[in-house]
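As structure tokens, the structure follows; a few thoughts come after it.
Listed below in structure tokens is the structure:
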């Protein structure tokens with residue numbers, strides 16, 4: 003699960019950097035928001051558990067319990083996670099700036115346990131008038147902790 007969010011953050015940035023007339027809304031769900039040239043590995047805060055190698059080319063998913071998941075949720079999540087390509091963490095992203103022209107940008111921050119790995123991104127965006135920022139009182143596994151609240155926020159993000 004841990005590796006899915008950062009990888010999706012980079013992918014979201016890269017897709018949102020496409021021609022702005024093709025993307026009308028972007029949502030970051032408790033995620034890194036890398037800038038041009040940054041790698042996800044460079045954004046992991048000091049003291050956060052580093053990703054562990056699963057093979058020469060992949061990283062092992064972080065156990066859901068590390069993210070604060072309840073035991074029953076952690077068991078479900080851990081049974082479904084898979085290793086993630088290392089390059090998604092180590093390669094710097096190349097952006098042209100088109101993401102800045104996306105009309106509707108949303109950041110959803112899960113603040114349990116606070117502070118989280120994503121607190122710096124929330125702090126950076128919460129007062130930015132170009133972003134709509136929401137906080138949910140749950141762990142990083144938002145879709146299992148607060149599925150109805152998450153669905154409502156995702157529906158709000160539709161232009």
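In the working numbering, the protein residues as written are 3 to 161.
We put the beta carbon where it would ideally sit given N, CA and C, even for glycine.
As the structure is a computational prediction, the values presented were derived from the model and not from experiment.
- The residue from 27, 33, 29 and 19 with its alpha-carbon nearest to that of residue 121 is 33.
- Contact between residue 64 and residue 141 fails: their C-beta atoms lie close to 12 Å from each other, not under 8 Å.
- Annotated as distal: residue 125 and residue 138, with beta-carbon spacing of 7 Å or more.
- Fully enclosed alpha helix (DSSP H) runs of no fewer than 4 residues occupy 73 to 82, 89 to 92 and 121 to 127 of the segment 57 to 133, in order along the chain.
- The Cβ neighbour count for residue 160, taken over all protein chains shown within 10 Å, is under 16; the residue is labelled exposed.
- In the DSSP assignment, the residues bridged to residue 31 are 110.
- In terms of Cα proximity to residue 110, the closest of 158, 60 and 39 is 158.
- In the DSSP assignment, residue 145 falls within the alpha helix (DSSP H) that extends over 144 to 147.
- Your pair residue 19 and residue 98 checks out as a contact, with CB atoms roughly 6 Å apart and the cut at 8 Å.
- Where residue 44 is concerned, the enclosing alpha helix (DSSP H) starts and stops at 42 to 45.
- Segment contact: the segment 52 to 67 against the segment 127 to 135, fewer than three CB-CB distances shorter than 8 Å; contact not assigned.
- The bridge partners DSSP lists for residue 138 are 112.
- For the pair residue 29 and residue 83, the Cα-to-Cα distance works out to about 22 Å.
- Relative to residue 77, the option among 156, 146 and 127 whose CA is nearest is 146.
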